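What follows is a single structure, written as structure tokens, with notes after it.
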Amino acid sequence: MAEEQANGNGAANSILNGAAEKAVPPCLMTIFGASGDLTKRLLLPSIYNLAAIHDLPDAFRLLGFAMEEWTDEFFRDYVGQQLKQFWGADADASVIDWLQKRTFYQKGNFGEDAAFDGLKARIEALEKEQEGEGNRLFYLAVAPSFIAPIAAQLSRTTIICEDGSCWRRLIIEKPFGHDLESAIALNHDLQSSLKENQIYRIDHFAGKDAVQDLAVFRFSNTIIEPLWNRGLIDNVQITAAEVVGVEGRAGYYEKSGATRDMVPNHMCELLSLVAMEPPVSFTAEHMRDKQVDLLASARKIKVSEVDKYAVRGQYGAGSINGQSVAGYRQDKGVDPNSNTETYMAMRVDIDNWRWSGVPFYLRTGKRLARQQTEIRVIFRQPPARLFPNRKESNRAPNTLLFNLQPTQEIRLSFGAKAPGMTTLVDHESMDFKFPAGQFGDHGKGYERLLHDCMIGNTILFQRAEFVEQGWSLVEPLLEAWENAPAADPFPNYAAGSAGPKAADDLLAREGHAWQGLADEADD
Ligand code: BG6
Numbered sequence: 214m215a216e217e218q219a220n221g222n223g224a225a226n227s228i229l230n231g232a233a234e235k236a237v238p239p240c241l242m243t244i245f246g247a248s249g250d251l252t253k254r255l256l257l258p259s260i261y262n263l264a265a266i267h268d269l270p271d272a273f274r275l276l277g278f279a280m281e282e283w284t285d286e287f288f289r290d291y292v293g294q295q296l297k298q299f300w301g302a303d304a305d306a307s308v309i310d311w312l313q314k315r316t317f318y319q320k321g322n323f324g325e326d327a328a329f330d331g332l333k334a335r336i337e338a339l340e341k342e343q344e345g346e347g348n349r350l351f352y353l354a355v356a357p358s359f360i361a362p363i364a365a366q367l368s369r370t371t372i373i374c375e376d377g378s379c380w381r382r383l384i385i386e387k388p389f390g391h392d393l394e395s396a397i398a399l400n401h402d403l404q405s406s407l408k409e410n411q412i413y414r415i416d417h418f419a420g421k422d423a424v425q426d427l428a429v430f431r432f433s434n435t436i437i438e439p440l441w442n443r444g445l446i447d448n449v450q451i452t453a454a455e456v457v458g459v460e461g462r463a464g465y466y467e468k469s470g471a472t473r474d475m476v477p478n479h480m481c482e483l484l485s486l487v488a489m490e491p492p493v494s495f496t497a498e499h500m501r502d503k504q505v506d507l508l509a510s511a512r513k514i515k516v517s518e519v520d521k522y523a524v525r526g527q528y529g530a531g532s533i534n535g536q537s538v539a540g541y542r543q544d545k546g547v548d549p550n551s552n553t554e555t556y557m558a559m560r561v562d563i564d565n566w567r568w569s570g571v572p573f574y575l576r577t578g579k580r581l582a583r584q585q586t587e588i589r590v591i592f593r594q595p596p597a598r599l600f601p602n603r604k605e606s607n608r609a610p611n612t613l614l615f616n617l618q619p620t621q622e623i624r625l626s627f628g629a630k631a632p633g634m635t636t637l638v639d640h641e642s643m644d645f646k647f648p649a650g651q652f653g654d655h656g657k658g659y660e661r662l663l664h665d666c667m668i669g670n671t672i673l674f675q676r677a678e679f680v681e682q683g684w685s686l687v688e689p690l691l692e693a694w695e696n697a698p699a700a701d702p703f704p705n706y707a708a709g710s711a712g713p714k715a716a717d718d719l720l721a722r723e724g725h726a727w728q729g730l731a732d733e734a735d736d
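Residues 214 to 736 (my numbering) are what the sequence shown spells out, left to right.
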């Protein structure tokens, strides 16, 4: 790639970035945890993708920071190798070369003052070589326990202090705390070193086009809003079902479980987008105000009520796509008596004028029948039934399905006359499939988030109150489940199934049923 082409300014930038109109300014991105998993699997390929569409400016610099005794040269080779493995063997050599020329490495121990003094000197030296620099992005791809100490060091050394003309920003990965108390403490620690607008709490779900579309679909169409309330909607089901297990992350997952791993962050992101009030404008302040308001309206149940509102599960041995799969307790690094949930489902009530009485059912789990992240908005049945259905199973209500992954589509289902001499109803649907994303199969979902951080757009990042509201929602569950084993002993669902029976019972008690995971034909 020619140097001038790789320069992120100019026409290509504005066309390719669509709504993101601002160009990325010169900046230096430091990754803490540069030798780790997240960096090689997601961050480097995403940075590559941004470079490939000329989104990054010529004066972009990447500085890896980790404990390994590596040199600049070694890290450049490492970046090239990881890109070939995690972006793809056909990665464009000229893009890799462009990136490698801008890549540096600094060794350091996160616990040592000297490491941060060295980092400061290195950053200043790199910036001296580069005219017009001073903007800094720090990406913490590190274990949660390092977040507050690193932020404190960045503040002590003043590397992260903004000095008028330059911005200094910090991206933090989930998990953001371990529970409500630790999340509040972490927010407090961070806010004592940084201004809130320097803190970018990332949720990679928000980077997905189909997730961003939830707001666009709702608020760029007139026909949706009049339907979007308790008058017409019966229940909403939000599912994040995974086929994968814990993928070698037992150390983390044993302490986290499905609830902490998915609900306060990803599931709350989806919940807030599907149920929030229209924002005053599509700006970070207004959008995030409404997302926080929505979570604040979600009823916080009592610990003693948890069994009424939530269930948990853990997978046992089973089979997925014809392959035998071991149970969670047999996974490497998992306690053979583990009480950690790999599945959870809960009913959330939104106590506001729009949603009062409409249950929002959330479920997420590992080793389920298939990968399926979706939101189903299920409408009420017509007040009178005029026509018989051709098949009784066809008597489904109107449903608006947002398929978020693995396919991205919006599907509206409805009753239509079955052809023939009788007047019978069939259940049919209209479909919109999203066109392939800008990066095709190579997109990692971090591209837009990195870009937005570099241009100072916080709209897709979670504010402190959002994170705290998310934790408040699950706090009673965590407390109730901490030491008590589940009523139906673990394992209580087979790998490859749709989850524990208790999750079906949770809905059946209220005259509802999960849709979409157990029965392919639903789709
Ligand atoms: C991560 C969780 O945040 O999200 C993982 O830690 C989970 O356990 C993953 O598998 C799901 O993300 P995606 O984008 O693959 O659906």
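Positions of the beta carbon are idealized from the N, C-alpha and C atoms, including for glycine.
Computed from a predicted structure; not experimentally measured.
Going by beta carbon distance, what residues of the same chain come within less than 8 Å of residue i, once the five residues before and after it are set aside?
i	result
THR496	ILE672
ALA304	TYR261, LEU296 and LYS297
GLY653	none
LYS545	GLY461 and ALA463
SER551	GLU467, GLN527, TYR541, ARG542 and PHE703
THR472	ARG525, GLU554, MET557, VAL687, LEU690, LEU691 and TRP694
ARG748	This structure cannot settle anything about residue 748, because the visible part of the chain is limited to 214 through 736.
PHE288	ALA247, GLY277, THR316, PHE317 and TYR318
Short of 7 Å in beta carbon distance, which residues of its chain neighbour residue i, apart from the five on each side in sequence? Order them along the chain.
i	result
GLU217	Below a pLDDT of 50, predicted positions are generally treated as unreliable, and GLU217, at 35, falls in that range; the measurement from the model is reported next regardless. So the list is empty, once near-sequence residues are dropped.
ARG608	ASN602
GLY331	GLN319 and GLY321
GLU723	PRO572
TYR522	ILE514, MET559 and ARG560
GLY231	Here GLY231 scores only 41 on pLDDT, less than 50, and its place in the model is too uncertain to base an answer on.
VAL308	MET214, TYR261, ALA264 and ALA265
Please classify residue i: is it buried, with 16 or more other beta-carbons within 10 angstroms of its beta-carbon, or exposed?
i	result
LEU445	exposed
ASP474	buried
LEU730	buried
MET634	exposed
ALA716	buried
GLU346	buried
ARG589	buried
HIS479	buried
ILE436	exposed
LEU599	exposed
LYS657	buried
VAL429	exposed
Say yes only if the C-beta of residue i is nearer than 7 Å to one or more non-hydrogen atoms of the ligand BG6, and no if none qualify.
i	result
GLU482	no
VAL457	yes
ASP422	no
ASP474	yes
THR586	yes
LYS387	yes
GLN618	yes
HIS417	yes
HIS640	no
HIS391	no
HIS664	no
HIS479	yes
Residue i CB to nearest chain D CB: under 8 Å?
i	result
ARG289	Among the protein chains of the structure shown there is no chain D, as only one such chain exists.
For residue i, which residues from the same chain have a beta carbon less than 6 Å from its beta carbon, with the 5 sequence-adjacent residues on both sides left out?
i	result
MET489	LYS503, GLN504 and LEU507
THR553	GLU467 and GLY470
PRO357	PRO388
LEU229	Residue confidence for LEU229 is low, a pLDDT of 36 falling below 50, so the modelled location carries little weight; the figure read from the coordinates is stated next. Once the five neighbours on either side are set aside, the close Cβ partners of LEU229 are ILE266.
MET280	ASN322
Next item on the list: Ignoring anything shorter than 3 residues or poking outside the segment 525-573, list the beta strand (DSSP E) runs there in chain order.
Entry: The segment 525-573 is shown to contain whole beta strand (DSSP E) runs of 3 or more residues at 531-533, 536-538 and 556-562, in chain order.
Margin query: Under 8 Å: do the segment 678-698 and the segment 421-436 share three or more Cβ pairs, one atom per stretch?
Written below: Of all C-beta pairs linking the segment 678-698 to the segment 421-436, fewer than three are shorter than 8 Å, placing the two stretches out of contact.
Margin query: To test your reading of the DSSP string, which unbroken beta strand (DSSP E) runs of 3 or more residues are found completely within the segment 476-521?
Written below: Contiguous beta strand (DSSP E) elements confined to the segment 476-521 do not occur, taking only those with 3 or more residues.
Next item on the list: Could you say if the segment 324-331 and the segment 247-254 meet the contact criterion of at least three C-beta pairs nearer than 8 Å?
Entry: Remark: fewer than three beta-carbon pairs, one from each stretch, lie closer than 8 Å, so the segment 324-331 and the segment 247-254 are not flagged as touching.
Notebook entry, point to check: Taking only runs of the alpha helix (DSSP H) that begin and end inside the segment 283-348, which ones reach a length of at least 4 residues, in chain order?
Noted result: For the segment 283-348, whole alpha helix (DSSP H) runs of length 4 or above, ordered along the chain, are 285-299, 306-313 and 326-341.
Check: Three or more C-beta pairs closer than 8 Å, one from the segment 512-519 and one from the segment 477-484: is that the case here?
Finding: As far as the Cβ criterion goes, the segment 512-519 does not touch the segment 477-484, which means the pair count is below three.
Check: Is the segment 259-277 touching the segment 310-317 in the sense that three or more CB pairs, one from each, lie closer than 8 Å?
Finding: Segments in contact, yes.
Check: If you scan the segment 367-442 from start to end, which runs of the alpha helix (DSSP H) of 4 or more residues do you find wholly inside it?
Finding: You should have 393-406 and 422-432.
Check: For the segment 673-715, which segments carrying the alpha helix (DSSP H) assignment without a break, of at least 4 residues, lie completely within its bounds, in sequence order?
Finding: Counting whole runs of 4 or more residues, the segment 673-715 contains the alpha helix (DSSP H) stretches 677-694.
Check: If you pair each beta-carbon of the segment 379-388 with each one of the segment 404-412, do three or more pairs fall below 8 Å?
Finding: The segment 379-388, when compared against the segment 404-412, does touch it at the 8 Å Cβ threshold.
Check: Can you give, in chain order, each stretch of the beta strand (DSSP E) that sits fully within the segment 617-644 and has at least 3 residues?
Finding: Restricted to the segment 617-644, the beta strand (DSSP E) segments that are unbroken, complete and at least 3 residues in length are 622-630, listed in chain order.
Checklist line | Stretch-stretch touch, CB-based, cutoff 8 Å, three pairs: the segment 398-405 with the segment 349-368 | finding: By the Cβ rule, the segment 398-405 counts as touching the segment 349-368, because three or more pairs are nearer than 8 Å.
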